[in-house]
Each structure stands twice: as structure tokens, then as C-alpha cells.
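Below is one structure, written out as C-alpha cells; the observations come after it.
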Amino acid sequence: MNDLTQLPDAPAQGATPADESPNTNIRRMGPSFKPAHSLALGPVVSPPHTVDGFVREFLRELNFGQGVPLSRSSVNDQYLALAHTVRHYLMARWLETAKKRRKSNEKMVGYLSAEYLLGRQLGNDLLAADLTDIAAEAMKVCGLDIATLRTQEVEPGLGNGGLGRLAACFIDSLATMDVSCIGYGIRYEYGIFKQTFVDGHQVEIPDSWLTLGNPWEVPHPEAAVEVHFGGHTETYDDEGTERVRWVPSWNVLGVPYNYMVPGYKNGVVNTLRLWGAQATQAFDLEIFNAGDYAQAVRAQTFAENISKVLYPEDSTPQGKELRLQQQYFFVACSLRDFLEHTMPEDFDVHDLPKKIIWQLNDTHPVIAIPELMRLLVDERKLEWDDAWAITQKCFAYTCHTLLPEALEVWSVELMGRLLPRHLEIIYRINDDFLAQLRKEYPGDEVRVRRMSIVAEHPERSVRMAYLATVAGSKVNGVAELHSELLRDKVLPDFSEYWPEKFTNVTNGVTPRRFVRLANPNLSKLITDTIGVGWVADLDRLGELESYADDPEFLEAFRAVKDANKTRLRNLLRQRDGIELPETAMLDVMVKRLHEYKRQSLKLLHIVTMYEQIISGAVKPEDVTPRTFVFGAKAAPGYRMAKQTIHLINSVAAKVNSDERVKGLMCVAFPANYNVTLAEKLIPAADLSEQISLAGKEASGTGNMKFALNGALTIGTDDGANVEIRRFVGDDNFFLFGMSEPEVAELQAQGYTPSKVYEENPLLKRTIDLIASGEFTDGNRDEAWPVVGDLLYNDRFMALADYQSYIDAQARVDAYYAKPDAWARSAVLNVARSAYFSSDRSMRDYMSRIWDINPL
Ligand code: NBG
């Protein structure tokens, strides 16, 4: 083994003055700062891009960073040393990017998001730094396997699902496109819970992702920001002007933790700044000395709870006080950070709209609007109207939902208690807005009340989506259909009043993580066929179109799918002890468990297939064998979702052990679906299930990842499915179910699910079989919550779409029996999905919302 302790100096490569840093309060030393020692002015250098250089750097990290020789190092030591080595390589670029941003006059994007579902960092950063091969070789030189080290990384699960993953894709794209952006969020000590199953029931385990150390963050406790809460407001005389000041009753510190966001092989490294809460005083020494230890640290525990844990809710906000604390905490830190640390001291706040656009990722950060008003009016002493004019230009709002219950609302009582000054400001914004409306619609008090930011019923509360719409320069939905419904159904009064405010930007996904990294086999085939360049210019995938009829290419494409399936089989065997059959269509439904997404409809299809085989209605030789894979977490307090998980597991247990369907059906539900598992599952899939009730899924982004990896979609006309189908073509997409207007019509007529059940014998047999306790060890009660709800409530109309779904699945079977046709369609899905790159989404945000020139 190479146990180096004598390490030569690394040669210089690329230079950056050492007083420019993205990591620290860049104004702290000022432009005239001259360090005493000449070394401090020297360049920050990247180690050489060679296997030797990498080995040296890695061993240095192991020896001097981890404090162990290679021969005695643990896998965790090795992983941490490797991660730090990669960080070193990116560091000079980070400094360089920060310097460049500071010198240029460009407008910045401040992406405000309570969630970032980042996924593992190591592979991505190696790729971005163009070090993948060098690092693998270097580890080999040290007698290590890089694949093993990579599995040591615990993914930062600082998000719930689509919304958080979207934020991660967006910052990746902005770095790759060299757009000035800083992502702001919360450094949760515990991310999304780890899911396990006990007797088929979901059990949640805290996600202690920081336990073994986190090499990707750079904390800056010295740059902590104070955030205030509670108390009251008072007026005072400021040399003849009456002003308001907030007298808060408690505070916490926000400590910035910086993360690198490297662009793909372009030398750019942007910053993601996550805030951790810390008590302003560690403990009360007097109380401690008196012996009451618990009491002495109470304030600390209380303060630090703010960034303790991510709310595990998806699509439904929890109206909890701690959640509002989290929201205000991170936006207050972020605004202050930008105004006081990122902007020069002599900066004129009237120029703010030229310097920053704050993009509000859903309503979670909307409290930033009154916060900016407070900073401008109370602290910087601007006139209200001036401050409002500035504020209106600095924010834009993205809505991510269509479920009315998911639109965030805070009671006036709570907001007044936690943020009294903000409540006053919201009232003033609302007063001005309502006065404006009364001028526009004289006598129409009903409309005015409808549009009020402050609702009176069922309790007096602040509608955060309305506040965002009133203050935001733009409001966007996340897919064409969603933006249309947002305009026409969710915010119709607002879109009538401000038609030009409303726009659409269809979501996208980063091809770096979800094609290049997740699917190296396909990536190689694409590069071998059309050359490099597509990874940062996905439109080039269109060139694959001409290979869709090339037998040799189709053969190679199928080999890629097979290899990916083998990779998945190996992973699930080792990760979950699940044995997947060797050959079968891989039918995948992965997403959060939610009634509107209709995992229960998928379950009905599985049980129908099972029933048809065991009853002899379908002969085994006529069956297209399928492997069904689910991945889904349920919010811990969402009973129906948890009952659905249990039922899926029950069906899986029965189907997998029934000799009558052996080789024909297999149902797998690996626990703890996350980004890391998605990266293995999606490339292996043949069929992508996107079966939400039309008009409920805002966009979906899993649907895009599947299409880009050559799975065919079975889906409703919902969210981005609509656009995917338009791009890939009707022949390469299995559409089923009611359209959104048909859903609305049925709803208006009155929908009776039990009638659908009575009238459809196949559905009846399916439901009866589940209700009989067949899958729940004879226990009918265990099956009933889901079945009973479908029969007598079925809010998301699974039964209404059942037959259409079953028919579409029959078309899937028939098509899969034609391997060439299927492969051709799969290739066309890849070739025609370039639009769903998040790079394209970012260009759309730049031109439609941010007024930033796409380079
Ligand atoms: C989710 C939607 C998805 C959408 C993502 C990203 C929330 C509130 N919304 O359809 O349900 O793809 O946001 O836009 O999580």
C-alpha cells in the first residue's frame, strides 16, 4: 500500500487572490485589505488533474485531514478524504466564480426554497470537475474501489419530493449555464425520514444524515445572522416623522453553511447557502451552576429546534407554529445576507430590482415579502410607496399545486404573536390593494372580499398565495395545463385583474444527474452515436431520431436496458433482499404516496391481472410477464396513504408467494425510495406510471426522467404528461382516462363510485377479491379502509378511470410483445424529450420572469 506521509508541494494551476471568497462575509475585510504575509495574496490552486496528483491529494487528506494512514483507515475515512479531495479541486473555481460575480454588474437570482432534495454529491461533483476517471484510477492505485466509497455517502434528503428535487435541478442548471444564482434554504439536522416496513406497515426512522460527518458543507459561524421573533411594535418620533419599530421578545442565530453548486465542466461553481439555527446564548450559566441543567439549556434547545427537522408533508402544508418559524427564519437570514453582505456597503437600495430577483418556490418563503418591506421602511427609512415599488419588482412566485387544501394559510392570531410587525405590514399591503380594487370594481364588494389577502372565514387568516400574487412581478405554474388551471380556477380574479402577471414555465430535470450519472450505459451509447455535447445541450438528443429505425442501434439500446435491469436486480437483492425475475416488463410507479396520484388505481390493475390468471380467465401463455415496482413514502400523519402502503405490501406478499402466477407477476416495494434509488430504478424501467386524476398533478418531474431514459409512459392527460405526449407522439405514449374538463363535468353531475363498481364485472371481481381479505390473511378490516373509500368516496375518481386504464394496459401488453416496435418508441421518447431539460426551464425563467439575458 501507498502510505505516503512525505508529501511534495502541489504545483500551481489557475490563480485566485485569496481575499475573495464565497464562503465568508465578503465585505468583512474590504477592498483595501492587505494581508501582512505575501503568501496570503498568492493563488488558490487546484491540485494537478492527473492520477498522481489526485493520489497525493487524497493521501494528504487522509493523513492530515482524517489523521489516519491508509492502512488503518475506515471506509468512512476514505470517503471523507475523497470528498475533501474533490472539494479541493473545485475550490479555486468557487473562489473564481465568486470574484467574477462580484466584479460584474449582473442581476442575480435568489432562489428561496424551504427544500432542496440534492441526492448524493460525490458522483455529481466528480463529473462536474471532470475527475470521474482520474479519481477511479487514483483509488485503484491506493487499492480502493471508488464504487464502495460512493455508497458510503448518505444523501442529503432535505426535501420531500418533486418540489425539493426541482430546486436541486434548477440550481444545477443555473451553474451549468453560468447564471449568477444563490440558492437559499434550511440546513435541517434531520431530513426526510427513513422509511422501513414492519409487517408491511410504514415505520419512520429519523434521518440522521450528519452523524458520520458532512464533507460538502463549509460552515461560517462567524458570519451568523440574528433573527427575531415575537414581542410587539411601537411608534416613535424620528425627527418629525412617525415611524414604527418592532420590539421582539426572542431571537436566534442563523449560521450559514455553504455548499458548492458546480456547473458541468465549465469552471463555474455557484453557492447554495443553507441556514442552521443556533441559540444566541448556549446556556444560562447561573441556572446551570445552581444545578438545574435542563432549565439551563432550554433556550438553546428551543432555538435549535427551528432547523431540527424537515416537515415530512408533501403537497399539504402543516399549519404548525414551528413551520412558520422555519419559514421566517430562513428568509430573514437570506434577505439580510444579501442586503448586508453580498451587496456593497454604499449600495443604493433603489437599485435593488436591478440586482436581484427573489424566486419564491411555492408559498413557503412568501413571508420574505413583508420582511423586505420591513427592512426598507423600518430599517432603511424609505417611504412606504417607494419600498412597495421596489418590493413588487424583486419577487416572483411559483405555484406548485392545484389542491385547494395545499394553499398555505396562516392564522392572524399566530402571525400576530410570532411576527407582529409583519402582520401590520400585510394589513397595510392589503388595505392598499383593496382600495385599488374598489376603484377598479366599484360596488363589487363580494369580489373585493374574495380577493382579500386576509380571509375572514373560517378564521381570520393570511392567504400566502394571494400575498405572493399581489406582491410578485410574475406568477407561474409548472406545466401548461397547470398554469391554465391556476389562471382559470385557482386565481381567476387575480388573472383577470393582472393578466400579464401570469405565465407558465414547464418544469425540467437536470440531464447531468438523471441521464449522464444515473444511466452511464445509455450515455455512452448516445455519445458513441451523436458525439459529446448533449449533456449540456440536450436539444442535440434530437439527432437520435434518425437511429430509431436502425436495427443495430435498437439492438444496442435494448442491451442498455437489459444491463440496467441487471444492475437494478443486483441492487435490490443486496439492498432489500428482493429477488426480481430475470425477464419481464418492468412497470414502475415511484412518487410520494398521495390519493390524487392514485397508487390505488395501480393496485387495482395488479389485482385484476392476478384475478384473471388465477380464475383461468386468461391463460398463462397469453400473459405478458410483468414486474411491478413501487417506491413511495407517506406523510407520517396521512392515514389513508399509510393504509395504501400496507395494502400494496400485502398484495405483494401474496402475489410473490403464489405458485399460480410465478414467472408471470412480481410486485416489489423497496422501502425508502429516495434520489439514490431513483437513479437506479428509472434507467431500468420499461413502463412509467403517471396516472393522477387529470387536473391534480401540477406537473410531475419523474415522468420526464423516465421518458429521457427510454421508458414509455402510461398516463392521464395531466400535468406535464400533456406536453410529454405532444413531444413524443401519440404512438409512443399510452393515454387513458378522463380529461380535466371531463373530470369537472362528472363532478358537476355527481359521481357515485359504487355505481361504477356495480356496473363493471371486472372491477367488481377485483374489488371483491381485495375486500374478501384474500391479501390480508383473511382480515377484511385491514383491506377495508382503502376499499371502502374507493367505493363510497373516491375523491380522485379511480373507479371512473378504471376501465380505461385496464384497456390501456392491454395495449401496453400487446405492444410489448413487439420488441422492435417497443424499442423504437423508447428511442423516440429519448430523442424527443430534450425539452424537459431544466436548462430549458431556466432559459424560460430568464426570459419570461427574471428579465435576465440567456447567454
Ligand atoms: C409538487 C407537485 C408536482 C410538481 C412539483 C414540482 C408540491 C407542493 N408540488 O406535480 O405536486 O412536479 O411540485 O413543481 O410538492
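Mapping the sequence shown onto the working numbering, position 220 (from 1) lands on 220, and the numbers just tick up by one. Yeah, the Cβ is synthetic: ideal placement off N, Cα and C, and Gly gets one too.
Item: Stretch pair the segment 802-816 + the segment 729-737: three plus CB contacts closer than 8 Å; Value: yes
Item: Contained alpha helix (DSSP H) runs [length at least 4] in the segment 684-713, N- to C-terminal order; Value: 702-708
Item: Residue 226, DSSP secondary structure in three states; Value: strand
Item: Own chain partners of residue 533 with C-beta closer than 7 Å, once the 5 adjacent residues on each side are dropped; Value: 540
Item: CB of residue 703 within 8 Å of CB of residue 724, strictly; Value: yes
Item: Ligand 1 site residues, beta-carbon cut 7 Å against heavy atoms; Value: 160, 161, 162, 163, 166, 314, 315, 362, 400, 401, 406, 478, 507, 697, 698, 699, 700, 701 and 719
Item: Distance between residue 740 and residue 691 (C-alpha atoms, nearest Å); Value: 13 Å
Item: Host alpha helix (DSSP H) of residue 78 (start-end); Value: 75-103
Item: Distance CB(residue 824)-CB(residue 548) smaller than 8 Å; Value: yes
Item: Through-space distance from residue 106 to residue 567, alpha-carbon basis; Value: 45 Å
Item: Reduced DSSP secondary structure (H/G/I, E/B, other) of residue 142; Value: coil
Item: Helix, strand or coil at residue 721 according to DSSP, with G and I counted as helix; Value: helix
Item: Three-pair Cβ contact test at 8 Å for the segment 186-202 versus the segment 350-364; Value: no
Item: Three-pair Cβ contact test at 8 Å for the segment 760-777 versus the segment 840-849; Value: no
Item: Nearest neighbour of residue 167, chosen from 155, 153, 182 and 154 [CA to CA]; Value: 182
Item: Nearest residue (CA-CA) to residue 251, options 333, 296, 260 and 269; Value: 333
Item: Pairwise C-alpha distance: residue 436 and residue 456; Value: 20 Å
Item: Cβ-based burial, residue 817 [other Cβ within 10 Å; buried from 16]; Value: exposed
Item: Same chain, Cβ closer than 7 Å to residue 340, neighbours up to 5 away in sequence not counted; Value: none
Item: Buried or exposed by the 16-neighbour rule on C-beta atoms within 10 Å, applied to residue 806; Value: buried
Item: 8 Å Cβ cutoff met for residue 247 and residue 232; Value: yes
Item: Residue 648: first and last residue of the uninterrupted alpha helix (DSSP H) it sits in; Value: 639-657
Item: C-beta atoms of residue 763 and residue 800 nearer than 8 Å; Value: no
Item: Supposed contact pair residue 178 and residue 263 - C-beta distance, whole angstroms, cut 8 Å; Value: 6 Å
Item: Beta-bridge partners of residue 395, as assigned by DSSP; Value: 358
Item: Neighbourhood of residue 209 by C-beta, 8 Å cutoff - its chain only, sequence neighbours within 5 removed; Value: 154, 155, 156, 157, 190 and 191
Item: Range of the contiguous beta strand (DSSP E) that encloses residue 495; Value: That residue, residue 495, is in no beta strand (DSSP E); its alpha helix (DSSP H) goes 492-497.
Item: Counted within 10 angstroms of its Cβ, other Cβ atoms place residue 483 as buried (16 or more) or exposed; Value: buried
Item: Range of the contiguous alpha helix (DSSP H) that encloses residue 809; Value: 798-816
Item: DSSP beta-bridge partners of residue 243; Value: 236
Item: DSSP bridge partner residues for residue 112 (one or two, in chain order); Value: 184 and 360
Item: C-alpha gap between residue 862 and residue 357, whole angstroms; Value: Nothing about residue 862 can be read from this structure; the chain reaches only from 1 to 855.
Item: Cβ-Cβ distance between residue 596 and residue 697 below 8 Å; Value: yes
Item: Beta-carbon gap between residue 380 and residue 421 smaller than 8 Å; Value: no
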